[in-house]
Every structure is written in structure tokens, then in C-alpha cells.
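For the sequence shown, the positions run 106 to 814 when the numbering used here is used. Glycine included, each C-beta is placed from N, C-alpha and C at the ideal position. As the structure is a computational prediction, the values presented were derived from the model and not from experiment.
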Amino acid sequence: MAATPINLNSPVQYLKGVGPRRAELLKKLGMETVRDLLFYFPQRYEDRANIKTISQIVVDELATVRGVVKSAAATQMARSRKKVFEVAFADKTGVLRGTWFKFPEQAYVKRFAIGSEWIISGKVTLNRFRGSKVMVHPDTEELDADNGETGGANSLNLGRITPVYGLTEGFSQKALRQVMNAAMDYVEALEDFVPGELNVKYRIPPFVESVKFTHWPPNGVSVQDLSEFKTRHQKKLIFNEFFLMQAGLALKRGTVRKAVPECAMRVDVELLQKIYALLPFPLTGAQSRVLEEIAKDLAGDKPMNRLLQGDVGSGKTAVALACALMTARNRRQTAIMAPTEILASQHYRNMTRLLSDTKVKIELVTSGSEGKQRALERIASGESHIVVGTQALIQEGVAFHNLGLAVIDEQHRFGVRQRAELIKRGIHTHTLIMTATPIPRTLAMTLYGDLDVSVIDEMPPGRAGITTRIFDPSVRRAALELIRAEVKKGRQAYIIYPLVEESEKLELKAATAMFESLSEEDLAGLRLGLTHGRMKSAEKDEVMGRFARGEIDALVSTTVIEVGIDNPNATVMMIEHADRFGLSQLHQLRGRVGRGAHQSHCLLMAECHRGAPGWDRLKVMEKHLDGFKIAEEDLARRGAGDFFGVKQSGLPEFKIGDIVRDHAILAEARRAAFHIVEEDPHLSKPENRKLSGALKESWKDRFELGDIG
């Protein structure tokens, strides 16, 4: 039977050296086709081309040596009585011992024949009893007796700069390198989708050559540059990856922003002034500027697609309310989707209070809201003007009469599909995405590259400052006394824990257990309340209501209060295990205080000691109140993938690019991609056909692109 012809889209199991069992393991790493293999790049590199003498190698460093077998035998360890296999390799300068704990004894005795010559590579350790240098489970290859070259002159593992890949259990580096080498037979079939003029403009090396180089760099290249992804060939692959994504964003922006006269609203100075008069407080200059930007979008003939960024407490909700009023005046509805029932309920209460003297009708839709069926009928008939809710807004049975504006609060807590689903509930719907998580520019280009951006960079007047201090366990008593002192002044406090209940795996204080402990001991005599994500909505609302009315002195909580809770009388935020939180999350929590006229305090309780990495991160919180500066630090420290703490943020998984490390390439790729799409909106020119095909294959579902090419 003839062998199945292999191409880039062939399943990996048909590749030489793979088969069904290994194919299942490769699938765990995200590789199902030959193409997937070629785009699974090394995480780092080791210089095994630099062969040293045994006397030159240093303990705790990776090294490669050449030696002759002087002895090879299984021996019994004195303490554990377990067998180990030891091989003594020697050169003219000394002896190195290779040690294996799992081994087939007869096969190893035969393999490491006395007098045979080997290349040995691994981390050097020291046997303190013998005083000898040791490598545990080193990589080894026998030298060919005829030519003295490793493995017959073409080793994939030794005597060269060696790629190191991410692995899954059951697959070794040696095995994966063999598979990668087999995949290289098909690398010439790869096509470069970047138009040739850009490769010339940026002096970019050929695509196929760059793929080969990145998997198998030639000896003599700087291993440091390779491991830091600084070589021109790696930069070519990074550029391609970013360019493809940005081209998709540019196309999506063009699709969303097509002229649709029906979406235009009547927004004039007179209407804006009437709306300003309804608000119980004057807007800041930044709020007014942003509102005018949004009003211009709403009055235009293209659906708005705008991101509104603003630090905690900057007044984004007031802007959203003003936008909803503009929409209502145009006899269209607004949907405001919040990530939690607590926040949705708070938005609903605040808006109902502010608009109590108007004819604007507001509806609350959550999984636990009462009178839901009647509310859905009012929404469907158009009787309700503003609908506030959670993900319940996109469930079956929710139908809008005429949805004109979709406001998505804290978008990173929703999936991309959820955002799209809400927008689809209307026709030609304007979209406003709000976030209190300051997003660094590089991340905004990636997550929200298809959006226009407005920033509220000014805080409302009349708010006192926040002092932030780190406390180690030895001064915990001082932090608790500060809470008592503030409560004595008539103020309130939050006490935050990372877990609901105790965890055996993580030795962290849990909210439920510490609520009891604080009530009986450290804060005995104060009125304490408890809230967390596992409580029913009605229970949480009841506790939050008591806290808002001043019936609770200190609220013990998990991070359920991270977003949007507003109590101007709360002046203390005490965060337990603060060193376990990300900086951006700490900043969000801190934003729950300092919302009134009284001096506020954020107490960061650290379990680590001064000088530890966790302590150094908390120093950033002491130093900065500016959320954007904190976000930049957080992104640099944690990386983009973990910035939001959720996998559903919509952040694409890059094969080789890193938006923090490669921010300059990202910016260049964005400029190039947007220019191409502006010049050729449907990518129909011959030079852009490959780009069109690559987008259809890789990004069409993510960006929901229409016909291109």
C-alpha cells in the first residue's frame, strides 16, 4: 500500500518517527498538523557547541564535555540502598561522573563500553563526599570511531546550539527534536503572507529561512540573543505574527465602522446641557471631553466602537449614564452589562436614584432578580429605556425593542463571544466598553486594537488621598488598631482575604474562618459583616445594604468587592496575603476607599519578608497611586497572559511574540497592517492575496470577518 503523501496540513501521526501514540502527546501541546509543528518554536537555547575540558566546567552551570569511559557499573547508595548507574568519563584534565537513577542495567553496561568516547552535556553538580563533579541524567552521544563527530556528524542534541522546547509528560527533548527535524522536510512549502514591499522596507530576512534558523540556529550565533529573541530571523517571525493579528483588527474595525445612516442619533448642545442638568454633580473636564467624543460618535453614521478607560473612582459610570440618556432621548434603549450581580445592582440603584425625577425607566436583569418575566416584557415592548444586568442579558428570552447602545463594564471579565452576543441584540448598535483596569498601550493594541480609545485622566474634586503601607506579620497589631481608630471616628473598613474557605494546599487565611476569629478576638466589639462569591445574591445584597447604611463597621470579604462598590464612608482597606495578588488587582481593591472627603488608608499585609520578590512588588503600590503606572509594572512583571488573571480575556496566544518584550515590533506591525488595509480594504490586490488567505485560515472566527479577498 502506497504511503500517504504528506503536506503542511497532514496529521502529525504520518510524519516519520511519530505514529498514533506520539500524535496524542503532541496534541496536548497544541500540535495536530505538520504546520503546527513548524510553528512550535523553542522556548530557549543551550550552547552545546562550546565543548570544554572537564577541568574547565563549573558547578551549577550547564556544560558540554568530551570524555572516554573509564568505568560503568550499577552501585548501591549507602543510605537508601537504591541502585544507581554510574559512568566515569575522563579526559586529560580530570574525571566527570554521569549518574542515572532509572536504567536498564544490562543495556547500559553494553552501551557505555570501556574505552568508548562520548559527548556529555548537562548541569554540573558536586558530590561532596567524593569531591567529584557529577551530571545527573546527562544527555550523551557516542562519537563515531571513524570521524570523531557526534552521532556521525549530524547530532541534533550535542555539539551544536540546541533548541529547548516546552514538553508534556512522556515526550523527551531528544524525541521532540527528532520530530522537528523530520518536519523540516516540508518547511519550503510555507508561504510568507507579508507583502514583499514590507520585507524590503524593513530589511526582513526570508520567511522560510527564518523558520529554519529559529529551530536550528547555526553555531556561532549568540545564545543570549537567541534566548532573548533578539536575532533578525526571530524578529521576522514575531513581526509576521503581530502583523497578521493587526491586519485582522484593521479589517474588523473597517467592517464595524461601515457607514449606516440609521444608527445616527440626534445629539446637540441643547441636549447635552439638559443631560448635564440632570446629574447631581458637575462633570470634570476629562468627563466632559470624553462625553463630547462619544456624542460625536453617536451622532455619526457609523456605529460607535469605543473603549473608555479611567482609573478607579474617575467617574466612568456618570459618563455611561449620560450616554444612556442621549440614547433614550432618541427613543432607543441602552443595555449595561456588568460582571457581577453586586455591581449590576449598584448601577441599578444609583441610576434609579439619580433619575427618580425623570420619566426614564430602568430595569434590572440578573439570574436572581425578582419579577423577571414582567421585566422582560417591558424591555421587549420598549417601555424600559435603560436595562442593567449581568450575563443574564444575553440569555435566551431577553429581547430588546430597539437597542441603540451596549455598554460593557469591565470587558476583560467577559469572553469575546459574550460581548458580541450583546451587541447582536440590536441592529447597528453603538458599543461603549468601560474598564477601571488601566490597560498599558501594548496590551490595548492587542486586546482592543479595533476600538477608538477615550481616557478619563482626572479625578473628581473633593476626595482625600490614600496612604498605602506594607505590614509584615510582626506589626499586624498596629494595622488592626488603625481599623479600630477609624471606626471610632465613625468610619468603616474592608478586610479582604483571597479565599472563601481554608485550603490545605495553600496556607492562606480564608474569609469565613477569619470572620469568626476577628469577631471573637482581634476586632471583638465591632460590628462585622461577611460577604463572598458563594453567597446567594439576596444574602450579598442584604450585607452590602447594611454596610452602605453604616450598620456594619468592617466588612470581611473576598475579592467579590474588587469592582465598582462605592461607599464614601469606607476609609480603610486591609488586604491579607497582599503579596499573592497581582498589582492591578491590588489597585482595584484600593480604589474602594478614598471615595469621600476623609483621608483613607490601604494596609497591605505581607506574609513574605523584606527583600523578597513579593515585598518588592508591594513597594510599587506604596510608591504609585496612578493606575497606569502600576499597570505597566504589573504587565512587565507578570506578562500579558496573566495580566487579567483570566484565560477568557480574549488575548490571543502567540507562538513566538511577546507583547511586553516585543512592544516595538508590535507598534511597527500595527502601523504596517493598518496602512495595508486602508489602501486595500478587502485585500483584493494580488500582493495581498496570501494575507487574505492567512486571515481566513487563522483569524476569521475570532474577528468575525466578512468576505475578504
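(request) Look at the Cβ atom of S642, then the Cβ atom of T389, and state whether they are nearer than 9 Å. (result) If you check the CB distance, S642 and T389 do not come in under 9 Å.
(request) Pull up the distance between the alpha-carbon of L796 and that of I770, whole angstroms please. (result) Straight-line measurement puts the Cα of I770 at about 18 Å from the Cα of L796.
(request) Identify, in the order they occur along the chain, each residue of the same chain with its Cβ nearer than 6 Å to the Cβ of Q339, setting aside the five sequence neighbours on each side. (result) Closer than 6 Å at Cβ, skipping near neighbours: T319.
(request) Answer with buried or exposed for I532, where buried requires no fewer than 16 other C-beta atoms within 10 angstroms of its C-beta. (result) Counting every other CB atom within 10 Å of its CB across the protein chains shown gives I532 a total below 16, marking it as exposed.
(message) Once DSSP output is grouped into helix, strand and coil, what is the label at T319?
(response) DSSP places T319 in the helix class (H, G or I) of the three-state scheme.
(request) Check the C-beta distance from R78 over to C707 and give it rounded, since I have them as a contact under 8 Å. (result) Coverage of the chain is limited to positions 106 through 814, which leaves residue 78 absent and any answer about it impossible.
(request) If I'm right that M726 touches A584 with Cβ under 8 Å, what's the distance once you round it to whole angstroms? (result) Going by Cβ atoms, the distance from M726 to A584 rounds to 15 Å, so no, they are not a contact pair.
(request) Whole angstroms is fine: what's the gap from L459's alpha carbon to A423's? (result) Roughly 10 Å between the two C-alpha positions.
(request) Could you tell me whether the segment 502-509 touches the segment 479-493, using the rule of 3 or more Cβ pairs below 8 Å? (result) They touch, by the three-pair rule.
(request) Hey, could you find the ends of the alpha helix (DSSP H) S622 is sitting in? (result) It spans A616 to E625 - the alpha helix (DSSP H) in which S622 sits, taken as one unbroken run.
(request) Would you list the one or two residues that DSSP bridges to S559? (result) L413.
(message) Measuring only the C-alpha atoms, how far is L143 from F276?
(response) So the two alpha carbons sit approximately 17 Å from each other.
(request) Give me the Cα-Cα distance between H682 and R186, rounded to the nearest whole angstrom. (result) One C-alpha to the other measures close to 43 Å.
(message) Can you give me the C-alpha to C-alpha distance between H714 and F686, rounded to a whole angstrom?
(response) C-alpha of H714 to C-alpha of F686: approximately 16 Å in a straight line.
(message) For a quick check, are the C-beta atoms of L261 and N286 less than 9 Å apart?
(response) In this structure, L261 lies near N286, with their beta-carbon atoms less than 9 Å apart.
(request) Determine, using beta carbons only, whether H490 and T536 come nearer to each other than 9 Å. (result) Contact: no.
(message) Here's a check: name, in chain order, each residue in its chain whose Cβ is nearer than 6 Å to the Cβ of L635, leaving out the five neighbours to either side.
(response) Answer for L635: F620 and V661, listed in chain order.
(message) Please report the straight-line C-alpha distance between S221 and I162, rounded to a whole angstrom.
(response) About 21 Å.
(request) Taking R282 and N324 to be in contact with their CB atoms under 8 Å, please state how far apart those CB atoms are, rounded to whole angstroms. (result) Contact between R282 and N324 does not hold, since their C-beta atoms are separated by about 16 Å, which reaches or exceeds 8 Å.
(request) To the nearest angstrom, report how far apart A497 and D165 are at their CA atoms. (result) Going by C-alpha positions, A497 is about 56 Å away from D165.
(request) Report yes if the C-beta distance between I343 and I781 is below 9 Å; otherwise report no. (result) Not a contact, by the Cβ cut-off of 9 Å.
(request) Would you mind sorting A258 into buried or exposed? The rule is 16 or more other CB atoms within 10 Å of its CB. (result) Confidence at A258 is low in this model, with a pLDDT of 44, below 50, so the placement of that residue is unreliable and no value is reported for it.
(message) Going by DSSP, what residue range makes up the beta strand (DSSP E) through G494?
(response) Counting along the chain, the beta strand (DSSP E) containing G494 begins and ends at I491 to G494.
(request) Pull up the distance between the alpha-carbon of P125 and that of D671, whole angstroms please. (result) Answer to the nearest angstrom: the Cα atoms are 57 Å apart.
(message) Here's the rule I'm using: 16 or more other beta-carbon atoms within 10 Å means buried, otherwise exposed. How should G699 be labelled?
(response) Buried: at least 16 other Cβ atoms inside 10 Å.
(request) Output the boundary residues of the beta strand (DSSP E) element that contains P268. (result) For P268, the uninterrupted beta strand (DSSP E) segment begins and ends at I266 to V269.
(request) Have a look at S624 and Q704 and give me their C-alpha separation to the nearest angstrom. (result) CA-to-CA, the gap between S624 and Q704 works out to about 25 Å.
(request) Give the DSSP-derived three-state secondary structure of R437 in the structure shown. (result) DSSP, reduced to helix, strand and coil, places R437 outside both helices and strands of the structure shown, so it counts as coil.
(request) Can you say whether N232 is buried or exposed, counting buried as having 16 or more other CB atoms within 10 angstroms of its CB? (result) Counting Cβ neighbours within 10 Å, N232 comes out exposed, since fewer than 16 surround it.
(request) Please list, in chain order, all residues of the same chain as E612 whose beta carbon is under 7 Å from its beta carbon, the five residues on each side excluded. (result) Here the model assigns E612 a pLDDT of 49, short of 50, so the residue's position is not dependable, and the following value carries that caveat. The beta carbon of E612 sits closer than 7 Å to none of the beta carbons in its chain outside the five residues before and after it.
(request) Rounded to whole angstroms, what's the CA-CA distance from P718 to E346? Just pull it up for me. (result) In this model, P718 and E346 are separated by some 32 Å (Cα to Cα).
(message) Give me the residue from R371, P387 and M431 with the minimum Cα distance to G405.
(response) For the residues R371, P387 and M431, the minimum Cα distance to G405 belongs to R371.
(message) Under DSSP, the beta strand (DSSP E) around A294 begins and ends at which residues?
(response) Here A294 belongs to no beta strand (DSSP E), and DSSP marks it neither H nor E.
(request) Report the three-state DSSP secondary structure of T471 (helix, strand or coil). (result) If DSSP states are grouped into helix, strand and coil, T471 belongs with coil.
(message) In the DSSP assignment, the beta strand (DSSP E) including G798 goes from what residue to what residue?
(response) Taken as a continuous stretch (DSSP letters only), G798 belongs to no beta strand (DSSP E), being part of the alpha helix (DSSP H) at R794 to S803.
(message) Quick check: the segment 410-423 against the segment 557-567, are at least 3 beta-carbon pairs closer than 8 Å?
(response) By the Cβ test, the segment 557-567 is in contact with the segment 410-423, since at least three Cβ pairs between them sit closer than 8 Å.
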